[in-house]
Amino acid sequence: TAGITQAPTSQILAAGRSMTLRCTQDMRHNAMYWYRQDLGLGLRLIHYSNTAGTTGKGEVPDGYSVSRANTDDFPLTLASAVPSQTSVYFCASSVSGYNEQFFGPGTRLTVL
Amino acid sequence: AQSVTQLGSHVSVSEGALVLLRCNYSSSVPPYLFWYVQYPNQGLQLLLKYTSAATLVKGINGFEAEFKKSETSFHLTKPSAHMSDAAEYFCAVSVTGGFKTIFGAGTRLFVKA
Chain B
45 TAGITQAPTS
55 QILAAGRSMT
65 LRCTQDMRHN
75 AMYWYRQDLG
85 LGLRLIHYSN
95 TAGTTGKGEV
105 PDGYSVSRAN
115 TDDFPLTLAS
125 AVPSQTSVYF
135 CASSVSGYNE
145 QFFGPGTRLT
155 VL
Chain U
28 AQSVTQLGSH
38 VSVSEGALVL
48 LRCNYSSSVP
58 PYLFWYVQYP
68 NQGLQLLLKY
78 TSAATLVKGI
88 NGFEAEFKKS
98 ETSFHLTKPS
108 AHMSDAAEYF
118 CAVSVTGGFK
128 TIFGAGTRLF
138 VKA
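Residue numbers (my numbering), protein chains in the order written: chain B, 45 to 156; chain U, 28 to 140.
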C-alpha cells in the first residue's frame, strides 16, 4: 500500500496566489493532520480532522483552510500566500487522535 | 493539557558510543508516548511507543526507551551508535480519548566517525 501521498513534492508560489496541497491516505484512518515544519520550531499543527466531515484548528491555522469530504483526502488550501508561509508541509494520519501517526513525504513550499 | 520537552536541540556522539536523547513530558492523565525519527528530506516515522504496558519499550533499529512516571521522562537510548542513526528525533505525547498529539521541538543527532 502507498500509505500517505502528498502532492506536489515542491512548489514555488508568487505571493498573493492561492494553492492547494493535496494529501491522500489509503489506510482508512479516521484522523488526519496538517503540520508545518520550520527550522528551530519543530512541527506545528495547522489543522486536523478527527473523522470525515469534521475539522478543527491547530496551533497555527491563520491563512490556511482544510476540508474533509471523505475519509481518504484532506487538502490544505492557502487562499492568498505570503512569504511567511514558506515551509515544509507534512500531512499525517492515525487510526484515532491519540494513536501513532503516519506521515507523508512532505511538500516543500516557497512563497516569493 | 499535555506538553513535552526535549533537552538539547543537538547531540553529537562518536560511532559505537551510547546514544541518549532526553524527553520529559507533562500530562494530568496517563499518557501515550512516542519517539519518531526523521531522516533528511523525509517524513517522520515511528521508532517506538509506550501505551501503558511494559515500561521498557523496544523499537526499531536497536533503540529503546523507558517510561519513568516518577521522573516524567521517556528518554531514548541505543547502546552503540551507527552512522546511519544520524537524523532528527522527536518525542511526542497524547492521551486516550484525545484528538491531538503534542510533539517536542526535536533533537538532531550527529554521529562522528
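By construction, the Cβ of each residue, glycine as well, lies at the ideal position given by its N, Cα and C atoms.
Taking the Cα positions, A113/B is about 11 Å away from S93/B. In this structure M71/B is in contact with S137/B, their Cβ atoms being roughly 6 Å apart against a cut-off of 8 Å. Burial of A114/U is indicated by the presence of at least 16 other C-beta atoms within 10 angstroms of its C-beta. In the assembly as shown, G150/B is a buried residue. Its beta-carbon has 16 or more other beta-carbons within 10 Å. Membership of T134/U in the beta strand (DSSP E) is indicated by the continuous run T134 to K139.
Straight through space, the alpha carbons of R49/U and K127/U are spaced by roughly 22 Å.
The region 45-77 of chain U contains, as complete beta strand (DSSP E) runs of 3+ residues, the segments 46-53, 58-65 and 71-77 (chain order). Of the candidates Q50/B, Y77/B and T115/B, the residue whose Cα lies closest to the Cα of P105/B is Y77/B. As a beta-bridge residue in DSSP terms, S137/B pairs with M76/B and F146/B. In this chain, the beta strand (DSSP E) harbouring K95/U covers E91 to K95. Looking at the DSSP output, E115/U shares a beta bridge with Q65/U and R135/U.
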